[in-house]
DNA sequence: GCCACGATCTAGAACGTTCTAGAGTCGTTG
DNA sequence: CAACGACTCTAGAACGTTCTAGATCGTGGC
């Protein structure tokens, strides 16, 4: 059986089993309404004929899409981790995910448009860059859940970590270790950068360290962290809190190349608790976002919206958590 | 307009424009058969009513799925790069991609099953782990193109780099620099590891360096490279060729922590030319797989199979290319 | 004027499945 | 025995779109 050949349909199974198409549908859906003997007979035929449901027909007729569209960016370790959680959460709720990637050569609008045509019941957008107004227009059409970015619009649901709080935790941790000269490598124009930066400033102020406030422009990738590290070399702080884990690894690399000992000479805190930050040779102290909780909440929120439920709070802000590993210690 | 509300259909546009449903379909598909005046009128109505095609209905009725299913692994930088290329290639051929991820908690079979239900015209599998027999059974059902792994079965199409040749290039390059004690950190049970290992052995033998053959078990992730590096520390070779770029970064990290200078004390070659290997602070010498060519060929192969074309060679093996950057130099 | 042809447009059926209403059967109760 | 309820099963329509055959109109040639 190859290209162009028709796949097995419910009608084929029905003919072979000697029952109606509708009854075969009932059996394949495990819906009530068929006897045990009939179920067994139908399932046997379906197995023999290798019947696979046609999700297009199913989605079209049922008028109930159990499909959640997810827009994610390639080369985002954190998005990878979120995808892992989202698949699990969707599965638990009886939903399927359909993914659409944003790549260096495929923009976010294109990614979203594809999902609209698939008639997804809802969209989950991972760190979208689109302006709020655009997201709101989209949310007029179908439920939209944004993850990892604060979107202030009543039509858009948000599941995110308290990024301001996250950076405060980082600064608190460093201050507790005795650090005063604490710098922050921010995320440039990336989603969440402003909140994290604000959290850093607030915490520094809270600890009476205003005069030591120092923000270096960074970004979300390794090279961004590496570049920022080079800007710190002339006058290194005793500690630095970085926008995210990936940038932190770039920064660590450059520090080490310049014979700065971590954490002896300089302590480093990342953000995300991405899977690689746990690796023995990186052992990164970091602010953890609770990925599985976020994924679960995002899917639940999407599903509730689809079901027309009245949702109490359109924005869910999850507390970050400090994960202390090997890249932080007392200043010398 | 929110959840549960019906979306604009061709019938709505037709009623408003005062033409038949079939004519609206012709206009929306830019198919011949409508006058310019009618086209304009219909497009105006469609825009006003915000008509979006329903891809489920379209796919179901047309009997021609222009959908390519792609199975990829999260946390695989190389797969990310391939996705970027595949989206471009598919777009050029008028196909859409639908993605299905393999995660630590969602296995490959599940990923494939989802795509079968979507009635994809063909599947493109990135480095699948499934046994050949399973892939062959799948290929009985629809065209299957495997990327980055050699699958010896006439029903399965393959687009891959000559991995054996790739490692030979790496060894040749190192020998040309004067190295003799060249080790190889392999990919353990990962796809392509055997070919790369064989290429390493062949090249070492070719250069009369049999007695220096040394293979360290590795893997595809950073920690795998880091672990392998630790095994090399007691008796470091002057050079090492690593299974892939990601493992190479892990290995580099450990070498640097142990004050081994790269490339002064030890040269390092990666594999893939992943996007991060080009970063200024990594500057990795590596064996490049030609991502865009691979993506283009895989999509073309899939499309040809869908079209029922007679395909001359089911396996396309692409020559790798040596990319010399800063991690290799003459031995001391 | 008649005929042939091409372009435009329409009506109806089909894609594979689910939904819904109704028919038929069986068992229980009055 | 008749009525009722529960369960099983079926027939037919619907989901939104495309395919296909045919009707209609306009134009050009004879």
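Residue numbers (this note's numbering), protein chains in the order written: chain A, 1249 to 1580; chain B, 1249 to 1580.
Note that CB positions come from ideal geometry on N, CA and C, so glycine has one too.
Quiz item: How many Å lie between residue 1450 of chain B and residue 1485 of chain B at the Cα?
Solution: 18 Å
Self-check item: Beta-carbon separation (whole angstroms), residue 1349 of chain B vs residue 1547 of chain B, contact threshold 8 Å
Solution: Not quite, the Cβ-Cβ distance comes to about 19 Å (not below 8 Å), so this is no contact.
Quiz prompt | Those residues which DSSP pairs with residue 1405 of chain A across a bridge | solution = A/1393
Practice problem: Taking C-beta pairs closer than 8 Å, name the residues in chain A that residue 1302 of chain B reaches, listed in chain order. | Solution: 1308, 1365 and 1367
Practice problem: On the DSSP bridge assignment, give the partners of residue 1432 of chain A in chain order. | Solution: A/1463 and A/1489
Self-check item: Contact set for residue 1362 of chain B: own chain, Cβ-Cβ below 7 Å, skip 5 residues either direction
Solution: 1348
Practice problem: With 8 Å as the threshold, decide whether the Cβ of residue 1382 of chain B is near any Cβ in chain A. | Solution: no
Quiz item: Is any beta-carbon of chain B found at less than 8 Å from that of residue 1640 of chain A?
Solution: Because chain A in this structure spans residues 1249 to 1580, residue 1640 of chain A falls outside the shown range and cannot be described.
Quiz item: Looking at the C-beta of residue 1519 of chain A, does it have a partner C-beta in chain B at a distance below 8 Å?
Solution: no
Quiz item: Looking at C-alpha atoms only, which residue of A/1321, A/1403, A/1452 and A/1377 is the closest neighbour of residue 1584 of chain A?
Solution: Absent from the model: residue 1584 of chain A. The displayed extent of chain A is 1249 to 1580, so no value can be given.
Quiz item: Can we count residue 1255 of chain B as close to the ligand MN, meaning its CB is less than 7 Å from some heavy atom?
Solution: This structure simply doesn't include the ligand MN, nor any ligand for that matter.
Exercise. State the Cα-Cα distance for the pair residue 1446 of chain B and residue 1487 of chain B, rounded to the nearest angstrom.
Key: 18 Å
Exercise. Could you name the residues of the same chain whose beta carbon sits closer than 7 Å to that of residue 1351 of chain A, not counting the 5 residues immediately before and after it, in chain order?
Key: 1322
Quiz item: Does any CB atom of chain A fall closer than 8 Å to the CB of residue 1352 of chain B?
Solution: yes
Self-check item: Residues that residue 1335 of chain A contacts on chain B, provided the C-beta gap is smaller than 8 Å
Solution: 1349, 1351, 1353 and 1354
Exercise. Could you check if residue 1316 of chain B is buried or exposed, using at least 16 other CB atoms within 10 Å of its CB as the buried criterion?
Key: buried
Exercise. Compare the C-alpha of residue 1371 of chain B against each of B/1511, B/1353, B/1498 and B/1395 and name the closest.
Key: B/1395
Quiz item: Using a beta-carbon distance below 8 Å, is residue 1479 of chain B in contact with chain A?
Solution: no
Practice problem: Specify, as a first and last residue, the run of the alpha helix (DSSP H) that residue 1275 of chain A falls within. | Solution: 1269-1276
Quiz item: Are any of the Cβ atoms in chain B nearer than 8 Å to that of residue 1524 of chain A?
Solution: yes
Quiz prompt | Residue-chain proximity (residue 1325 of chain A, chain B), Cβ-Cβ < 8 Å | solution = yes
Self-check item: Endpoints, the alpha helix (DSSP H) within which residue 1414 of chain B is located
Solution: 1411-1424
Quiz prompt | Start and end residues, beta strand (DSSP E) containing residue 1320 of chain A | solution = 1315-1321
Quiz item: How many whole angstroms separate the CB atoms of residue 1494 of chain A and residue 1469 of chain A, which I take to be in contact at a CB cut-off of 8 Å?
Solution: 6 Å
Quiz item: Can you list the beta strand (DSSP E) stretches of 3 or more residues lying completely in the stretch 1323-1380 of chain B, in chain order?
Solution: 1344-1350 and 1370-1374
Quiz item: So, is the C-beta of residue 1474 of chain B closer than 8 Å to a C-beta in chain A?
Solution: yes
Exercise. Kindly list the residues whose CB is nearer than 8 Å to the CB of residue 1512 of chain B, restricted to its own chain and excluding five residues on each side of it in sequence; keep chain order.
Key: 1577 and 1580
Self-check item: C-alpha distance - residue 1507 of chain A paired with residue 1438 of chain B, whole-angstrom precision
Solution: 35 Å
Quiz item: Where does residue 1539 of chain A sit, in a helix, a strand or coil, going by DSSP?
Solution: helix
Practice problem: Given a cut-off of 8 Å, decide if residue 1399 of chain B and residue 1383 of chain B are closer than it, judged by their beta-carbon atoms. | Solution: yes
Exercise. Would you mind telling me which residues of chain A sit closer than 7 Å to residue 1322 of chain B, beta carbon to beta carbon, in chain order?
Key: 1328, 1331 and 1332
Quiz item: On the three-state DSSP scale, how would you describe residue 1257 of chain A?
Solution: coil
Quiz item: Just how far apart, CA to CA, sit residue 1519 of chain A and residue 1575 of chain A?
Solution: 13 Å
Quiz item: For residue 1454 of chain A, which three-state DSSP category applies?
Solution: helix
Exercise. Look at the alpha carbon of residue 1541 of chain B and the alpha carbon of residue 1313 of chain B, and state the distance between them as a whole number of angstroms.
Key: 24 Å
Exercise. Closer than 6 Å by C-beta to residue 1429 of chain A: which residues in its own chain qualify, once you throw out the five before and the five after it? Chain order, please.
Key: 1460, 1485 and 1486
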